[in-house]
């Protein structure tokens, strides 16, 4: 099987020739470290070196993005222009946060200082911040990169369903209070983000991507930020606007414990769930309850194993997941979030070796 | 009196701020001690909210509106509190550690600690070790509560405890830590006094240690 066939088979809950390995993101600093300091490698070279079966996100070819800035931009005129005409290799199609952003001087990571969507008057920021989803620039440029770099790998575009945009652009405190004070405002904000993403997806459907990865954090390790009733009322109707437009296989990503709202979430029709944080969700329970409906992606621990553990512990964890969850297919190895620049390089190599050593289906 | 206090407590739990304030005003007009309203109405309400949050019955928005309702009732009764009733249960300094900009968990802890009757000094996010140490020196809190959401930043909790030791301040403050990558084992390893798996556990730990 080619890497692409392997991933697409697993996404359909089938059993490929070996357990695929894909990552939602590999931060550029660690990409470069894994490639021995080089910055001129292609996405395919990177995948071959590690044994990964697909890619999306961004690469330093051209110019290196600073940590944390690659995926999420803030809404300035310059940011809009950067969205239309990306200079470095990226496959991302996420909208900016409508927020006052800060930048950590040491790491270059961006963070939300304050969401700007706090009342009805602030709805004017949508025009100011969101790029035109029909502007051809980004689609044309990324189609060129896709043709140039895709080889036999499964290539994905990252989008949002609109929930993370709503949480971050309102702030969780304002979002929470507005659910009671002005529920229609919350619904309108979510709908506007989702309509934007739905329009983007219509363009992505015509491109040569193999699948889509929707990133919308809904939860912390303890619980989702809303209960099922709130999810069904405030989020799902808008998320469905995006989901029903997607014509390719797709993965849903949210950190944290999704179990309390998972019965509602899976009706969106995603093919896979990622990242299954070990500290938040038991992957065996997930497999038992939902393994007949979704492919499971992830669960290699980022809180300890990849970041503070030993190569031996990484190998053991990969082996364990493959043996237990990979059985019969419908599982892809991945970190329980992404390969961040604070993972140990030796541990990522241990993960790579373990996928090759234990991943083959017999 | 019990029914009036129960009414205030129930409105706060439901997050109905106008009704809670109205019930508090009625109780005051009926001569009920504002200290009793604080203890048996508001602090009791937020304890129940914390339990419901911890058990999975309540979610973040329920906590937020309950905390807002409590704050609005406190505004009404605070000028009337005297003596022991006006005193806080204790003082806590809270903050998210250096390099970490996540504030949700820290804000929930702050909210729950205030709801439990503590004075809270919030240092915000990306708090440097020196800033924590200086706050312990100047504020003389009973508790220092540190939050870290990513593995990259959790070592800051250890460095802060080491710095408190070096400054001779460690003995005067109980240190609690929490956040996604942290565990009881890690808390023990760095010499923290306690680990809170969630905000309510943090409050319970402080309640145990403050007495």
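Residue numbers (our numbering), protein chains in the order written: chain W, 644 to 1005; chain R, 33 to 243.
Where is the CB? At the ideal position from N, CA and C, for every residue including glycine.
It should be emphasised that the depicted structure is a prediction, and the values quoted were computed from it without experimental measurement.
(1) Quick one: does residue 230 of chain R have its CB under 7 Å from some CB of chain W?
(2) Would you report the Cα separation of residue 726 of chain W and residue 914 of chain W, rounded to the nearest angstrom?
(3) Can you give me the C-alpha to C-alpha distance between residue 898 of chain W and residue 58 of chain R, rounded to a whole angstrom?
(4) Which residue marks the beginning of the alpha helix (DSSP H) containing residue 15 of chain R, and which one marks its end?
(5) Going by DSSP, what residue range makes up the alpha helix (DSSP H) through residue 833 of chain W?
(6) Taking residue 962 of chain W as part of the beta strand (DSSP E), name the residues at either end of that continuous run.
(7) Verify the CB distance criterion: does residue 740 of chain W have a CB-CB separation below 7 Å to chain R?
(8) Measuring alpha carbon to alpha carbon, tell me which residue in R:98, R:71, R:72 is nearest residue 84 of chain R.
(9) So which of W:737, W:983, W:974 has the shortest CA-CA distance to residue 838 of chain W?
(10) The alpha helix (DSSP H) that contains residue 951 of chain W, what's its start and end?
(11) Return no unless some Cβ of chain W is closer than 7 Å to the Cβ of residue 213 of chain R.
(12) Helix, strand or coil for residue 993 of chain W per DSSP?
(13) On the DSSP letters alone, give me the boundaries of the beta strand (DSSP E) that residue 916 of chain W sits inside.
(14) I need the DSSP call for residue 137 of chain R, collapsed to helix, strand or coil.
(15) At a CB-CB cut-off below 9 Å, which residues of chain W make contact with residue 191 of chain R?
(16) In chain R, what lies closer than 8 Å to residue 951 of chain W by C-beta?
(17) Would a check of beta-carbon distances place residue 854 of chain W closer than 7 Å to chain R?
(18) From the DSSP output, in three-state form, read off residue 976 of chain W for me.
(19) Chain R partners of residue 749 of chain W, CB-CB under 8 Å?
(20) In whole angstroms, what separates the C-alpha of residue 824 of chain W from that of residue 762 of chain W?
(21) What three-state label does DSSP hand residue 868 of chain W in the structure shown?
(22) Kindly list the residues whose CB is nearer than 6 Å to the CB of residue 969 of chain W, restricted to its own chain and excluding five residues on each side of it in sequence; keep chain order.
(23) Determine, using beta carbons only, whether residue 756 of chain W and residue 735 of chain W come nearer to each other than 7 Å.
(24) Along the region 889-912 of chain W, what residues have a CB closer than 9 Å to any CB found in chain R?
(25) To the nearest whole angstrom, what separates the beta carbons of residue 919 of chain W and residue 911 of chain W, a pair I think is in contact under 8 Å?
(26) Does any residue of chain W bring its CB to less than 7 Å from the CB of residue 109 of chain R?
(27) Is the CB-CB distance between residue 126 of chain R and residue 157 of chain R below 7 Å?
(28) I'd like to know whether the C-beta of residue 631 of chain W is nearer than 7 Å to at least one C-beta of chain R.
(29) Beta-carbon of residue 946 of chain W versus every beta-carbon of chain R: anything under 7 Å?
(30) Give the list of continuous beta strand (DSSP E) stretches no shorter than 3 residues that lie fully inside the region 145-185 of chain R.
(31) How would you list, in chain order, the residues of chain R whose beta-carbon sits under 9 Å from the beta-carbon of residue 867 of chain W?
(32) Using CA atoms only, rank isn't needed, just tell me which of W:978, W:989, W:805 is closest to residue 669 of chain W.
(33) Just curious, the alpha helix (DSSP H) that residue 770 of chain W is in, first and last residue?
(34) Identify whether residue 193 of chain R lies in helix, strand or coil by the three-state DSSP scheme.
(35) Is the number of C-beta pairs between the region 207-227 of chain R and the region 177-189 of chain R that are closer than 8 Å three or more?
(36) Relative to the C-alpha of residue 799 of chain W, which candidate in W:996, W:892, W:981, W:779 has its C-alpha closest?
Once the coordinates are examined:
(1) yes
(2) 28 Å
(3) 45 Å
(4) The structure shown does not extend to residue 15 of chain R, since chain R is modelled only from 33 through 243, so no value can be given for it.
(5) 826-848
(6) Counting along the chain, residue 962 of chain W falls outside any beta strand (DSSP E), though it belongs to the alpha helix (DSSP H) covering 954-967.
(7) no
(8) R:98
(9) W:737
(10) 948-951
(11) yes
(12) helix
(13) 915-917
(14) helix
(15) Neighbours of residue 191 of chain R on chain W: none; closest Cβ ~15 Å, over 9 Å.
(16) 183
(17) no
(18) strand
(19) 131
(20) 11 Å
(21) coil
(22) 662
(23) no
(24) 898, 899, 903
(25) With 8 Å as the limit, residue 919 of chain W and residue 911 of chain W do not qualify as a contact, their Cβ atoms being about 17 Å apart.
(26) no
(27) no
(28) Here chain W comprises residues numbered 644 to 1005, so residue 631 of chain W is not present and cannot be evaluated.
(29) yes
(30) 151-154, 175-179
(31) 91, 92
(32) W:978
(33) 768-772
(34) helix
(35) yes
(36) W:892
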